[in-house]
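Asks: Below you will find the structure I want to go over with you.
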């Protein structure tokens with residue numbers, strides 16, 4: 001069984017390491033369950049690091065992603081207006 005080492009504190013600049021699967025030795029017979037537990041622990045460490053990083057937590061989503069969403073919404077709104085104008089023009093022709 002491979003031992004994965006992750007930072008314990010999850011704070012930037014803190015380099016205290018410990019094995020993430022040190023307490024799973026008794027479960028060596030069930031590799032699927034052990035892998036699942038290790039994967040969940042790694043996901044939790046990543047989530048915790050993201051929450052404890054004040055820059056990521058305070059700033060949230062990058063502005064370029066938000067700008068792309070705003071542009072996409074404006075484009076969809078323009079398409080709706082064009083469709084409404086088409087139906088209005090076709091209704092007056094009848």
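Numbering (full-length UniProt numbering), first residue to last: 1 to 94.
Cβ coordinates follow ideal geometry from the N, Cα and C atoms, glycine included.
With the cut-off set at 8 Å, would you say residue 24 and residue 37 are in Cβ contact?
Replies: Mapped onto the chain shown, residue 24 falls at position 24. Mapped onto the chain shown, residue 37 falls at position 37. Yes, these two residues count as a Cβ contact at 8 Å.
Asks: Can you tell me where the alpha helix (DSSP H) holding residue 84 begins and where it ends?
Replies: Taking the first residue of the chain shown as position 1, residue 84 is located at position 84. Where residue 84 is concerned, the enclosing alpha helix (DSSP H) stretches over 63–93.
Asks: Can you tell me the Cβ-Cβ gap for residue 34 and residue 45, rounded? I've got them flagged as a contact below 8 Å.
Replies: What you label residue 34 is simply residue 34 of the chain shown in a count that begins at 1. What you label residue 45 is simply residue 45 of the chain shown in a count that begins at 1. Between residue 45 and residue 34 the Cβ distance is about 17 Å, and since that is not below 8 Å, they are no contact.
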